[in-house]
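Here the working numbering = 1-based position in the sequence shown + 33.
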Amino acid sequence: MNRLDVVETTQLKENIPAFQPGDTLRVHVRIKEGN
Numbered sequence: 034m035n036r037l038d039v040v041e042t043t044q045l046k047e048n049i050p051a052f053q054p055g056d057t058l059r060v061h062v063r064i065k066e067g068n
């Protein structure tokens with residue numbers, strides 16, 4: 034395992050509700066632009 038895999042596995046949620054095509058989802062993402 035590389036370092037990125039370790040970080041990803043610690044950040045994944047296990048209790049994701051089931052969803053199907055056509056469902057409305059809210060996506061919370063923080064975007065930082067620039068250097």
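Just so you know, even glycine gets a beta-carbon here, dropped at the ideal spot from N, CA and C.
Note that the structure is a prediction, hence the values are computed from the model and not measured.
Q.
If I measure Cβ to Cβ from residue 37 and keep anything under 7 Å in the same chain, skipping five residues before and after, which residues do I get?
A. none
**Q.** As assigned by DSSP and simplified to three states, the class of residue 60
**A.** coil
(Q) Report the CB separation of residue 52 from residue 58 in whole angstroms; it is logged as a contact under 8 Å. (A) 6 Å
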